[in-house]
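Under our numbering, the letters of the sequence shown match residues 3 to 587, in that order.
Yeah, the Cβ is synthetic: ideal placement off N, Cα and C, and Gly gets one too.
Here the structure is a predicted model, which is why all the values come from computation and not from measurement.
Beneath this line is the structure, given in structure tokens, with notes to follow.
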Amino acid sequence: MSDRRPRAILDRGRAALSPSLLILGVVLLAGLAVRLANNDYGLPYVYSADEGSHFTNRAVEMFGGDPNPGYFQNPSAFTYLTYLALWLRDTGLWPVGPRAVPDQFAIDPTPIWVTGRTLAAVLCMAGVAGVFVATRRLWGTRAALAAAAVLSFAFLPVAYSRVAVTDVGTFLPVTLSVMWALAAHESGRSRDFLLSGAAAGIAVGFKYTAGLVLLPIVLAAALRARRDPKALARAAGALGCAALALLATTPYLLFDLETARRQILAQAATAGSFGKVGQGGDVGVLYYLGSLGWGLGWVALGLTILGTVAMTRQSVGRAVVLVALPVALFAYLSLQSRYFGRWLLPAYPVLAVLAGVGAAWAAELLARPLARPLGGGAALAALGGVLVVTLAQPLAADLRSASVLGRTDTREVAREFLAERLRPSARVVIEPAVPSRYYRLVRRGRTISRNRKQFVRGFIKENRQSRLDYARTLRPETIDRYRRSGFCTVVTMSLLRGRAERDGERRALAYYRRLERESDLVMALDPYRPGAEPVDFHFDLSYNYYPRAFERPGPAIRVYRLSRCAQGFGQLRAGESAPVSEAAS
């Protein structure tokens, strides 16, 4: 009797040190390392519009304020987790050290943004661990390790673990919800239905479109309904659990219902009805298929198809429940009017599970002719070979993009160039691919009021839609307004000009041609490697630096000095006309 407890402890220790868990640990640590490498890129300037305006800044505002984020275009789970991480940081329990969060954000927000980005990376790796658990229950340890490796190193999950946004936060709850939906399909137990629903609600608390993870629950119940009439009632209970879990993550959906309803409907209408300049001619199905090629990996995508075949051979019902989310989300997003690869991220854990199953099955098939020379190691050798081929593409992109992010952004180089040549408060037209902090006066070792400006902007100042349709506000006569107002320095960026060129916006292109004719080019800066071809504008690839051409982050930048123009300084005075086109006002 006295020997049982030490023996049990030893058994648990051996299990913890099993080769599969050691390999998983290596995968998790390597995946985390590639996400955290250079994740302070760009700071203190946050060039991603979504990162800069949706989550971390809302969390900062909660310190000494209201727990209502007042923002419901995205749910609140990531915002509240960021608040918690910042609270730990403020109390000295977070590694970056204590300091009053709002004061730090005003002076130098770098450690706050790094905290948010680190949180995203940790949430993503929790999803990778969840995929391992789910796949092992479904197909065994080898498939589980393959699935974890696919999700850990797939390029798009890595790219959005370097940004303080919510998308990868869906990975763990989506995985658990689908895992328990499969268990509910097979067992019919109320517990599995309720757990699946609760996990689904948490997933929706990170991303509204993750609500499609409720579909596997409904299908699990429907497939059981003929032999188990109570299954539909259990599914209804699961939907109730999902609603409660969502409200736990985003309580002000209920407490501030009118604001939430208005914002969510406006966001849905924008995504569904208004295309973006720069996506003319894109077809949703082809866009998202292409995004899987570079975001998941072409070989991994092939393995998901193979895994689906393997699952169908084993159990049609299992396969239906498993593929429901990625198929439904792919179809839904393809019908929208604008497309972004990251919108498909909630489906990536399921795709990784299928890829892991496909890798294990492919390894079994490849091992058969190797069984005689290699014996029992044939299957492992085959799986290793499959994974080397599968991970070569995404791993190369992960490391390449991490290296790119370690270099200075072209926008920061341009800012330093302008600050050296123009005295403070110079009136400068800078295309809207920079945050408001970019305009502030910065002096080393001194706290400068946010009202002191290095550059003054007098165009489309508060137009929140300028990032979306800026190209449509441009016309040749805009340059005359620049001259009248003393905005003689003009900074163009390929992230904006490229949209106009891609869609053939005639008036915008005429504006750029006139600007070139009537200006001196004083600086040209490209983010590409010497000899590399410039990258055509793309709403994903121009921002995530997947293409090999990139040497540093940022757009191609041109700085022009208008001829016959007296450089102005200071804020616009009463009676002075800002260079705003009629379309933008």
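- Check the Cα spacing between residue 528 and each of 554, 509, 516: the tightest is with 554.
- Rounded to whole angstroms, the Cβ separation of residue 209 and residue 258 is 19 Å, and the two are not in contact under 8 Å.
- Linking residue 145 to residue 151 through their CA atoms gives a straight-line distance of about 10 Å.
- Spanning the alpha carbons of residue 252 and residue 184 requires a straight line of approximately 27 Å.
- Under the three-state reduction of DSSP output, residue 523 falls in the strand class.
- The beta carbon of residue 471 sits closer than 7 Å to the beta carbons of 279 from its chain, once the five residues preceding and following it are set aside; these are given in chain order.
- In this structure, DSSP gives residue 290 a helical state, which the three-state scheme calls helix.
- In this structure, residue 159 lies near residue 350, with their beta-carbon atoms less than 8 Å apart.
- Look at residue 134 here: in three-state DSSP terms it is helix.
- Residue 84 counts as buried, since no fewer than 16 other beta carbons sit within 10 angstroms of its beta carbon.
- For the pair residue 487 and residue 558, the CB atoms are not nearer than the 8 Å cut-off.
- Residue 190 is a Cβ neighbour of residue 233, given a cutoff of 8 Å.
- Shortest Cα-Cα distance from residue 182 to any of 246, 215, 306 involves 215.
- Burial check for residue 456: the Cβ neighbour count within 10 Å reaches 16 or more, so the residue is buried.
- Taking all protein chains in view, the Cβ of residue 37 is crowded by 16 or more other Cβ atoms within 10 Å, so the residue is classified as buried.
- Rounded to whole angstroms, the gap between the alpha carbons of residue 434 and residue 295 is 30 Å.
- 52 is the residue among 52, 130, 106, 430 whose C-alpha sits nearest the C-alpha of residue 75.
- For residue 64, no beta strand (DSSP E) encloses it, and the DSSP letter there is neither H nor E.
- Residue 539 carries a coil assignment under DSSP once its states are collapsed to helix, strand and coil.
- The continuous stretches of alpha helix (DSSP H) do not include residue 475, and DSSP gives it neither H nor E.
- Counting only residues of its own chain and dropping the five nearest sequence neighbours on each side, residue 385 has a CB closer than 6 Å to the CB of 144, 365.
- Counting C-beta atoms within 10 angstroms of its own C-beta, residue 307 has fewer than 16 neighbours from the protein chains shown and is therefore classed as exposed.
- Here residue 565 is exposed. Its C-beta has fewer than 16 other C-beta atoms within 10 Å.
- In the three-state scheme derived from DSSP, where H, G and I count as helix and E and B as strand, residue 48 is classed as coil.
- In its chain, beyond the 5 residues on either side, 541, 542 have a beta carbon closer than 7 Å to the beta carbon of residue 342.
- One thing to note: residue 438 has its Cβ no nearer than 8 Å to the Cβ of residue 458.
- Around the C-beta of residue 122, 16 or more other C-beta atoms lie within 10 Å, and the residue is accordingly described as buried.
- If you draw a straight line from the Cα of residue 286 to the Cα of residue 444, it comes to about 43 Å.
- Annotation for residue 85: the continuous alpha helix (DSSP H) segment containing it runs 79-92.
- The way I'd put it, the segment 500-518 doesn't touch the segment 116-131; fewer than three beta-carbon pairs between them come closer than 8 Å.
- With a threshold of 16 other beta carbon atoms within 10 Å, residue 35 falls short and is exposed.
- Annotation for residue 563: the continuous beta strand (DSSP E) segment containing it runs 559-564.
- In the displayed model, residue 428 falls within a strand according to three-state DSSP.
- Put simply, of 406, 201, 141 the residue whose alpha carbon is nearest the alpha carbon of residue 531 is 406.
- Distance from residue 500 to residue 539 at the Cβ level is roughly 3 Å; contact confirmed, criterion being Cβ atoms closer than 8 Å.
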